[in-house]
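S.K.: Take a look at this one; I'll ask things after.
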Amino acid sequence: MEDKKIVFLIGSSEIGGTEKMVISLAENIKKYGFLPVLIGLKGKGEFSEILEKKDLKFYILDLKKNPFSIIKLLKILRKEKPLILQSFLYTANIIGRIVRKFVHIPVVISGQRSTDDWRKWYHWKIDLLTVKWCDAIISNSHAGKKVLVEKGIAPEKIYVIPNGINFKKEVKKIRKEEIGIEKNQPVVGCVGNLRKAKGHIYLIKSAKKILKIYPETKFIIVGKGNLEGYLKKEVKRNKMERNFLFAGFISEPEKIISIFDIFVLPSLWEGFPVSLLEAMSLKKPVVATSVGDVPLIIKDGEEGIIVPPSDSESLASAIITLLKDEKLRKKMGEKAFEKVKNYSLEKMIERYVSFYNEVLRIYKI
1223 MEDKKIVFLI GSSEIGGTEK MVISLAENIK KYGFLPVLIG LKGKGEFSEI
1273 LEKKDLKFYI LDLKKNPFSI IKLLKILRKE KPLILQSFLY TANIIGRIVR
1323 KFVHIPVVIS GQRSTDDWRK WYHWKIDLLT VKWCDAIISN SHAGKKVLVE
1373 KGIAPEKIYV IPNGINFKKE VKKIRKEEIG IEKNQPVVGC VGNLRKAKGH
1423 IYLIKSAKKI LKIYPETKFI IVGKGNLEGY LKKEVKRNKM ERNFLFAGFI
1473 SEPEKIISIF DIFVLPSLWE GFPVSLLEAM SLKKPVVATS VGDVPLIIKD
1523 GEEGIIVPPS DSESLASAII TLLKDEKLRK KMGEKAFEKV KNYSLEKMIE
1573 RYVSFYNEVL RIYKI
């Protein structure tokens, strides 16, 4: 029997939770009789660099620099003839729906990856005008589904499949000394692309209060993005350069998360954050904002501490609470590890494969 071809359309060139999940999904659906093809729409970057090292078929277009790349996209889709086109992130969702008007694609699935608080009214208007051209929407969070329903999209069109991660039995840790950190120096860290949604500025603001009590604390920020320069300036302006390390993009973040004493997720909005799951799998206590499905993953006072978004004071207080109590950190870390077992990569793959087969059965493909 011929493999069922599925095209994944991704509106990003960076590597974040969504891109990691798409790559994991593509690598793991082959054994279930699906043939994945990935198409990136925003040019070369960390995403394409990782794909070059994988045994996956992919194309990289750059619609921003060359709008006529849309013609190339149509040619690729006509050549590949997928049974399913699944898109991820806003731009790819809209384009994935529109190209269906020009190329025969039996099933089109859009993806909702967060609550998308960044959107203006016209983004929602375009979404609502084009949603009729997709057959279903898969949201990685209940919070994402709730937002779509509130905006006027039929709930029966939206399905929730949470993210999952691959639990690694052994993690090769980065040694603290390798990156200029003393053995007993407390480490607070976060992982995420350096953009507004991730709320790094509130971690930087909270550091001022934390350092008054724990002046040796080292803050590690893992990731790249358009706010990198601004965030570094804020650290310098507050004379905290000695206490901050901007580690950049790390392809295997678990290597550095493993040296964190506390993992922080200061996001302003989220869906179902992969970095949070990664930290939990390494038995790290968490301080996270009450956004997206985070409160469903982390119970306040159990696996970590939940704080309001955009609140550096609450963030600082929660981090200080954990810094002063090693037993509490260990207890929360152990509970986090037990909780994250519910979100394995295997379970996520099974849910996607089941969904694909069901939708192909419904449409008699």
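For the sequence shown, the working numbering assigns the number 1223 to the initial residue and increments by one for each residue that follows.
Yeah, the Cβ is synthetic: ideal placement off N, Cα and C, and Gly gets one too.
Just list the residues that DSSP pairs Ile1316 with in beta bridges.
M.R.: Paired residue(s): none; Ile1316 is not in a bridge.
S.K.: Tell me where the alpha helix (DSSP H) around Gly1445 begins and ends.
M.R.: Looking at the DSSP string, Gly1445 is not in any alpha helix (DSSP H), and its letter there is neither H nor E.
S.K.: Any chance you could list the alpha helix (DSSP H) runs of at least 4 consecutive residues sitting entirely within the stretch 1476–1551, in chain order?
M.R.: The alpha helix (DSSP H) runs of length 4 or more contained entirely in the stretch 1476–1551 are, from start to end of the chain, 1476–1479, 1496–1503, 1516–1519 and 1534–1545.
S.K.: Using the DSSP secondary-structure output, state which residues sit across from Phe1280 in a beta bridge.
M.R.: Leu1260
S.K.: Using CA coordinates, which residue listed in Ser1480, Thr1511 and Pro1530 is at the minimum distance from Pro1495?
M.R.: Thr1511
S.K.: When burial is assigned at 16 or more other CB atoms within 10 Å of the CB, is Ser1503 buried or exposed?
M.R.: buried
S.K.: Considering only the alpha carbon of each residue, which of Leu1425, Met1554, Ser1234 and Leu1545 lies closest to Leu1490?
M.R.: Leu1425
S.K.: As an exercise, report each continuous beta strand (DSSP E) stretch of at least 3 residues that is fully enclosed by the stretch 1387–1414, in chain order.
M.R.: Within the stretch 1387–1414, the complete beta strand (DSSP E) runs of at least 3 residues are 1409–1413.
S.K.: At the level of alpha carbons, what is the spacing between Pro1531 and Val1513?
M.R.: 7 Å
S.K.: Run through DSSP, which three-state label would Ser1428 get?
M.R.: helix
S.K.: For Tyr1381, which three-state DSSP category applies?
M.R.: strand
S.K.: Which of helix, strand or coil does DSSP assign to Lys1227?
M.R.: Strand at Lys1227.
S.K.: List the endpoints of the continuous beta strand (DSSP E) containing Gly1361.
M.R.: The sequence given here places Ser at residue 1361; Gly does not occur at that position. Counting along the chain, the beta strand (DSSP E) containing Ser1361 begins and ends at Ala1358 to Ser1361.
S.K.: What does DSSP give as the partner residue(s) for Val1325 in the beta ladder?
M.R.: Answer by DSSP bridge pairing: none, since Val1325 is not bridged.
S.K.: Which first and last residues belong to the beta strand (DSSP E) in which Ala1376 is found?
M.R.: Here Ala1376 belongs to no beta strand (DSSP E), and DSSP marks it neither H nor E.
S.K.: According to the Cβ coordinates, are Ile1237 and Gly1267 closer than 9 Å?
M.R.: yes
S.K.: With H, G and I counted as helix, E and B as strand and the rest as coil, what does DSSP make of Lys1242?
M.R.: helix
S.K.: So, with DSSP's three-state summary, where would you put Ser1270?
M.R.: In the structure shown, Ser1270 sits in a helix (DSSP, three-state: H, G or I).
S.K.: Classify Asp1357 as buried or exposed, calling it buried when 16 or more other Cβ atoms lie within 10 Å of its own Cβ.
M.R.: buried
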